[in-house]
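Data first, discussion second: the structure below is written as structure tokens.
Residue numbers (UniProt numbering): 1 to 511.
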């Protein structure tokens, strides 16, 4: 039989094996997780222990069984350019792959699965707290971006593990799964053929710590933290004054740990500060109306790795046809704030006289005194806005990966009524950034095996073993002589070694 016939025969044999195992002779393969329930959420440092059970209906030869924990991100972007015939551009990022080693003793000898016999292969994985450096090997404009890409993203867009909507589009998905493959090695080409493959998808929400408040640059239209509006007394009347509505970025909404028994919803609090500057002394503060709150989830997806943290502002300034944005909003609350009371204040001068003793250095600038209008006044009020995530949606933490990101914004809309007739209510809207963080099980450490505990104890005892430092014995003193070759000496010794005879060279042992 020639080489071509042999290769064809080998290929046909592997094809027959795969055909038998995938059709009439499909083996029974089960992936069993310990203490697993449908809809269970796993987080950082959680153990994924279980076993794989394989029962073959007929004798079948194989070479290897691979059991892996894998994390994959998939995206696609619709092509709008007329210069391409492809409907979409797709991308897939395999950011996590942990392999469970299987001992030779666990395999049948020879490696032939006998008909009707069930073979069990245990596995044990731990959800890591970060990814390896090679998971993000592309260029990033800052180290902060690279660090964000090395954090585990949460499961997103998979209805098999989360029945409720997580606000993710079809264009972006993040999957975790335990995969099992039965491989047969080709005798001719040496390539592995997959005889059968199974997977069990998991829902993983890694721990995500609360980050510092964002530094919002000037010109960034994504967020509006303050807005001032002029109010009028009536349609044809003069001005009533100016009202300023401002708020800071609220603290993060922290999702509870999956192991927590708390039934309280995740909540944060935003503080809205109001200031009314009347046009004259007779102008009174306006009457407040309704305050509506909603949260906007923005999913950024791309077919190319991102070098920066995406936002609407950066996407508009760095336009790219292989990137997309999906925005969706969820109403949170709507309530009347008419009962909020205003507090009257005397306007403080913009500048006050500074004591010369308070200056630490001499200056050519003289002190200034501001000009304050007599009787100048303003009014202030504060509105506390609770932010509670509704349980009708599946909420995932804020994250940034190489090709998918998720951010959140709180939209506040306040209606203001003036006392004049014929003047419609004014609306002031703010857009505040907010982070959704997550509590994991980071305080829980996996129990050590007997071998790991013994190795750790041995390392600790070796580290704590007493050391004795003593003067070396006489036979070891004065035996070291510097080599005369100048090339082997430090650079600063070259000239010295070249000008001194060997008998006059330094003996470090006598120093």
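Cβ atoms here follow ideal geometry from the backbone N, Cα and C, with glycine treated the same way.
Span of the alpha helix (DSSP H), counted from its first residue to its last, around residue i
i           : result
residue 162 : No alpha helix (DSSP H) holds residue 162; DSSP gives it neither H nor E.
Those residues which DSSP pairs with residue i across a bridge
i           : result
residue 245 : 227, 274
residue 413 : 292, 429
residue 100 : 67
residue 308 : The partner list for residue 308 (beta bridge, DSSP) is empty, contrary to what the question assumes.
residue 75  : 91, 172
residue 254 : 437
residue 269 : 386
residue 86  : Residue 86 is not bridged to any residue.
residue 407 : 298
residue 185 : 192
residue 281 : Note: residue 281 sits in no beta bridge, so no partner.
residue 156 : 174
residue 48  : 125
Residue i versus residue j: straight-line alpha-carbon distance, rounded
i           : j           : result
residue 63  : residue 183 : 6 Å
residue 414 : residue 396 : 28 Å
residue 301 : residue 344 : 49 Å
residue 296 : residue 38  : 29 Å
residue 226 : residue 274 : 10 Å
residue 247 : residue 332 : 18 Å
residue 475 : residue 49  : 60 Å
residue 214 : residue 249 : 8 Å
residue 378 : residue 432 : 25 Å
residue 177 : residue 171 : 19 Å
residue 144 : residue 119 : 47 Å
residue 28  : residue 220 : 57 Å
residue 411 : residue 193 : 53 Å
residue 330 : residue 26  : 46 Å
residue 335 : residue 270 : 15 Å
residue 98  : residue 127 : 10 Å
residue 87  : residue 239 : 56 Å
residue 316 : residue 256 : 35 Å
residue 149 : residue 304 : 14 Å
residue 258 : residue 441 : 8 Å
residue 298 : residue 222 : 11 Å
residue 156 : residue 202 : 11 Å
residue 381 : residue 142 : 41 Å
Below-9 Å beta-carbon distance, residue i vs any chain B residue
i           : result
residue 267 : Among the chains of the structure shown, chain B does not appear; only one protein chain is present.
Residue range of the unbroken beta strand (DSSP E) whose run includes residue i
i           : result
residue 107 : Premise fails: residue 107 is in no beta strand (DSSP E) and is neither H nor E.
residue 234 : Element bounds for residue 234: n/a, residue is neither H nor E.
residue 328 : 323-336
residue 386 : 377-388
residue 122 : 118-126
residue 345 : 343-346
Secondary structure of residue i, DSSP reduced to three states
i           : result
residue 148 : helix
residue 316 : helix
residue 133 : helix
residue 53  : strand
residue 303 : coil
residue 475 : helix
residue 222 : coil
residue 192 : strand
residue 514 : The displayed coordinates of the chain run from 1 to 511. Any statement about residue 514 would go beyond what the structure contains.
residue 209 : coil
residue 34  : coil
residue 24  : At residue 24, the pLDDT of 49 sits below 50, so the modelled position is not reliable and the matter cannot be decided from this model.
residue 437 : strand
residue 458 : helix
Nearest-angstrom Cβ-Cβ length linking residue i and residue j, presumed shorter than 8 Å
i           : j           : result
residue 45  : residue 124 : Going by Cβ atoms, the distance from residue 45 to residue 124 rounds to 13 Å, so no, they are not a contact pair.
residue 426 : residue 416 : 5 Å
residue 278 : residue 388 : Actually they do not touch by this definition, with Cβ atoms about 35 Å apart.
residue 153 : residue 174 : 5 Å
residue 90  : residue 72  : Going by Cβ atoms, the distance from residue 90 to residue 72 rounds to 12 Å, so no, they are not a contact pair.
residue 253 : residue 436 : 5 Å
residue 291 : residue 385 : 7 Å
residue 164 : residue 346 : Not confirmed; about 53 Å, so no contact.
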